Amino acid sequence: MIIELGHFSLVLALAVAVVLSVIPLYGSRRRDTALMDLAPAGSVLLFLLVAASFAVLTYAHVVSDFSVLNVWQNSHSLVPLIYRLSGVWGNHEGSMLLWLLILVFFSALVAIFGRNLPDTLKVNVLVVQAWITTAFALFILLTSNPFARLSPAPGEGKDLNPVLQDLGLAIHPPLLYLGYVGFSVCFSFAVAALLEGRIDAAWARWVRPWTLAAWTCLTAGIAMGSYWAYYELGWGGWWFWDPVENASFMPWLAGTALLHSALVMEKREALKIWTLLLAILTFSLSLLGTFLVRSGVLTSVHAFATDPSRGVFILAILMIFIGGSLSLFAFRAPSLNAGGLFAPISREGALVLNNLILTVCTATVLIGTLYPLLLETLTGEKISVGAPFFNLTFGLLMIPLLVAVPFGPLLAWKRGDLLGALQRLYVAAGLSLVVALALYYRENGGPVLAILGMAMGLFLVFGAFVDLGGRAGAGKVSASVAWRRLKGLPRSAFGTALAHMGLGITVLGVVAVTTFQSEHVVEMKPGMTTEAGGYVLTFDGMREAKGPNFTEERGHFTVSRGGAAVADVWSSKRVYVAQRMPTTEAGILTFGLSQLYVSLGDHMDDGGIVVRVWWKPYILCIWGGALFMMAGGIVSLSDRRLRVGAPSRRSRPATPAMEPAE
Amino acid sequence: MTRKQKRLAIIGGGMGFIVAAVLLVMFAFGQAVAYFYVPGDLGKANVQPGTRIRLGGLVETGSLKRGEGSTVTFTVTDTIATVPVRYTGILPDLFREGQGVVAEGTFAAGNTVFVADTVLAKHDETYMPKDVADRLKAQGVELSGKETIK
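If you read the sequences in order, they're chains D and S.
Here the first sequence is numbered in UniProt numbering, starting from 1 and rising by one per residue.
Here the second sequence is numbered in UniProt numbering, starting from 1 and rising by one per residue.
The following block contains the structure:
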C-alpha cells in the first residue's frame, strides 16, 4: 500500500508539473497575477510530492521489501543499513528519481529564495523548470518505474553491486547531481530571458549564485568520485578519462566558463549573448551526460542496466531541450543588444581567453567521448579513445590557460597593463621555479618537463597571494592598514584566490604523482619485504575474516622506515556472498600529502601472493586542490552582494553596471 | 589600436587557438587511439608491430600460465583464431578462464605474442565487455546465459 502511495505521489507530481508548464506561462503573458502565483506555490508542492515518493522508495529499501522489483534486484537482507539507504540511488530507477528530486529541489529553492526576482522572470524560470520536470517524470513513469511490483515476492534480494557498497555511494551521486542538475536553473534562467527577449547585467547577478552553487557541488562530486574510484577499484588510478567521467567533467568545464563569463556580464555588461549560450550549453552537456550514463550506450559500473527504450526516450528529451533552446536562442539572440567594449589586454580580455580555452577543451573532450560511438554506428569499427588521446589534446590545450590564470585578476577592467601585471608576478614565478626545483631534487628526478609542470601549479598558488596582496596594497601601505584592507575585501576576492589556488594545488598534485609515483609488483610470502618510496613493507601473512555480507582474506603488512616500524596496513580481497563477486579492498597509508597504496593479486602455486605496491607522492594535492576550489565557491557564494540579492527592477530601473571595478 | 584592429586581434587569436586545437585533435586521433580487434580479425587487419590495439575475446580454458614473478600468459580466442597474450601485473578480480576479456597493448616486432599492459574484465559478472560480446555474437559464437548482456 505504501509503495503504491509513492507511485501515486509521483504520478501526481507529473500532473502538477504539466499544469505548471502551461498555466503560469499563460498568466505571465496576460499579466494575471493569480495564475502567475501558481508557479512558486506549485513548485514547492512539486518538491513535496517527489520527496514523498523518494521517501517511499527509501522505506522500501530500508525494510527490504522484495516485492518491489527495484529492491529485489538491487538489495539483499544482509546489506548493512547505510548501504540500503544509499542503495536507493545505486540503481537506474532510483538514481533517476534522485535526479528528479534534486531538480524539483532547485525549483523550490528558486521559488522560495527568488523573492527579489522580477515576477515574470521568476515565473518563466519556474515554468522552464516544470518543463524539464515533466520530461523526466514521464521518463521515470514510462520506462523506469521504481515502484514496479513483483509477484510472488521473492524471499531474498539479488544484492547491491559490491563495488557500490561503500560510503562513496552515499556521497558521490547526490553531490554530483546537485551540480549536474543545479545547472538546470541557469538553463531555465537563460530560456526565460530569451522568452522575455530582454537581458541585462542584473540577470547575470541573479544567475551567478545558482551557477556558483551548482559548480561547487559538481566540483565536490567529481573529486569525490575520483577518490572513490582511486581507493575502491584497487588500480591506484584517480582519473581514467572514462566516458562516464567525461560526462561529468564536460558540464564542469562549461560551468567554469559560465562562472567567468557571467562575471564579465555582471560587471561590464559585455558577453551577454555568449553567457546565455553557455548557460544553455552547460545544462545541455549535463543532459548529454545523463544520456551517456543512463541510456546504456556505454558499459560501465554506472550503466546499471541496458534497455533500448530508455536510451531512445532520453535521446528524445535531449533533442527537444537542446534543439528547442538553441532554436530559441538563434531566433532571439540577434534582437538582444550587445554591449561593452574592451581592449584585448584587460580583465574582460583575460576572461574571454578563459572562455575560449575552456570551451575548446570541452569540445575536445566531447569529440573524444562521442567519436568512438559515432564511428561504431557509422562503420562498425570499434576504437578506444583513452588517456593517451586526452592527455595529448586536453593536456596541451589547458597549458596556456593555466599560465594565464594568475594574470587575469591583476588586469584592470576595460584596459589592463600586462607589463605591470608581469612585474608584480616576477617574484611569484621565480619562487615557483625554486620550489619546483627543490621538489624535483627531493624526489630524485624524473623528466625535466616536470619542473615546469610543478612550477605552473605553484605559480597559480603564489599568483593568488600576489592578487590578494595587491588588493590589500601590501608593500605600498603600512602592514596594519594592509591587514585592515585585506579584511575589508569582498568575499568574492577571496573566493577567486582560493579557487585559483586550488587549481594550482591540483595541477601540482597531478604533475607530481604522474612524475614521481613508483609501482612495484612482487610475489610475496610471509616474512618477505619490499620497498617503496623509502618505506619498507614486510608481509606478515594472510588471515580470513568475515563481514556482514562478504568473506575476505586480509593480508597484513608492517611498514617501517630506517629500521623502525612506523605503521601497519591491511589489504584484502573480498568475495560478496550473494553474487559470488570478488572485489579488491586496497590498503592505503597516508604520510603527509603522499600515500602508500597496497593491493593484493592472485595466490601463487607455491603459497606466495602477488602484491602490488604504489608510492603516490603528493597525491592528496589532487583532491586537496578540489577542496580549495569548493571553499572558493562557498566563500564567493557568501559574498554580501549575492547574499543580499540584487535590487529589484522596480526600485532601480535599467540596472547599470553595478559597481566600479572592485 | 583602433576598434577594428582590436576586434581583429581578438578574433584572430581565437581562431588561431581553435585551428591549433583542431589540428591537435586530428593528430591525436591518428596517434593515440586504439582499434578493437578479436583474434579472427588480425589476419586481414595487418596490424603493424608497435601499434596499440585492444584485443578482445574469451580467455581460452586451461591456457592461463604463471611465469616469473607476476607475469602471466593466456590465450584469447574468438573460436576462429587464437592469440597468445603476455601480461605483467595483477589480473582484474573478474578475470576468469572461459570468460570475456579485453587486453590493451602491442605486438612486438617479429613476434606473434601480444604484449598487454592493461587487462580489463568488467565490474559486473553478469556481462562481459560489450565490445567482446557484440563481436562474438556477430561471429556466431553461442554465449551462455550468464555471459550475454542483459
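We put the CB at the ideal spot given by N, CA and C, even for glycine.
Since the model is a prediction, treat every value here as computed from it, not as a measurement.
Considering only beta carbons, the part of the region 342-361 of chain D lying closer than 9 Å to chain S consists of F342, A343, P344, G349, V352, L353, L356, I357, V360, C361, in chain order. A270/D places its beta carbon 9 Å or farther from that of N354/D.
Burial state of G380/D is exposed, judged by a 10 Å Cβ sphere holding fewer than 16 other Cβ atoms. Taking K616/D as reference, the option from G625/D, D602/D, L627/D, L596/D with the minimal CA-CA separation is L596/D.
The DSSP-derived three-state label of S184/D is helix.
Sequence-distant Cβ neighbours of A15/D in its own chain, meaning closer than 7 Å and more than five residues away, do not exist here. With a beta-carbon spacing of about 14 Å, N161/D and E93/D fall beyond the 8 Å limit used to define contacts. For Y37/S, DSSP records a beta bridge to L55/S. Nearest to S638/D by alpha-carbon distance, out of L212/D, Y426/D, R149/D, A474/D, is L212/D.
For E553/D, no CB of chain S lies under 9 Å from its own CB, so it is not counted at the interface with that chain.
At a cut-off of 9 Å between beta carbons, E523/D contacts chain S. If you look at Y371/D, you'll find it in the alpha helix (DSSP H) that goes 347-379. Collapsing the DSSP output to three states places I383/D in a strand. Using a CB distance below 9 Å, the part of the region 584-606 of chain D facing chain S consists of T584, S599, L600, G601, D602, M604, D605, ordered along the chain.
Annotation: H260/D to N246/D spans about 21 Å, alpha carbon to alpha carbon. The beta carbons of V559/D and A567/D sit closer together than 9 Å. Within chain D, the residues placing a beta-carbon under 7 Å from that of I18/S are V360, ordered along the chain.
Put simply, the region 413-423 of chain D does not touch the region 79-87 of chain S. Fewer than three CB pairs are less than 8 Å apart. Judged by DSSP in its simplified three-state form, S518/D adopts strand. By the Cβ test, the region 498-505 of chain D is in contact with the region 457-472 of chain D, since at least three Cβ pairs between them sit closer than 8 Å.
E544/D: not part of any alpha helix (DSSP H); member of the beta strand (DSSP E) spanning 535-546, first to last residue.
For the region 225-245 of chain D, the residues whose beta carbon sits under 8 Å from a beta carbon of chain S are, in order, G234. Here V79/D is not bridged, per DSSP, to any residue.
As summarised for the region 579-650 of chain D, the continuous beta strand (DSSP E) elements at least 3 residues long and confined to that stretch are 581-585, 587-591, 594-603, 609-616, given in chain order. For the region 79-91 of chain S, residues whose beta-carbon sits nearer than 9 Å to a beta-carbon of chain D comprise T88, G89, I90, L91. DSSP places K65/S in the strand class (E or B) of the three-state scheme. In the three-state scheme derived from DSSP, where H, G and I count as helix and E and B as strand, S478/D is classed as coil. S384/D has a beta carbon lying within less than 9 Å of a beta carbon in chain S. What I102/D touches in chain S, judged by beta-carbon distance under 9 Å, is nothing: the nearest beta carbon there is about 25 Å away. Within the same chain, and ignoring the five residues on either side of F189/D in sequence, the residues whose Cβ sits closer than 6 Å to its Cβ are V125, V207. A Cβ-Cβ contact shorter than 9 Å links L121/D with A193/D. In this structure, the straight-line span from the alpha carbon of P154/D to that of S75/D is close to 12 Å. Chain D has a Cβ within less than 9 Å of the Cβ of Q31/S.
Residue environment: T529/D is assigned as exposed (fewer than 16 neighbouring CB atoms within 10 Å of its CB, all protein chains considered). Put simply, the CB of F139/D is far from chain S, with every gap to its CB atoms at 9 Å or more. At a cut-off of 9 Å between beta-carbon atoms, L397/D makes contact with chain S.
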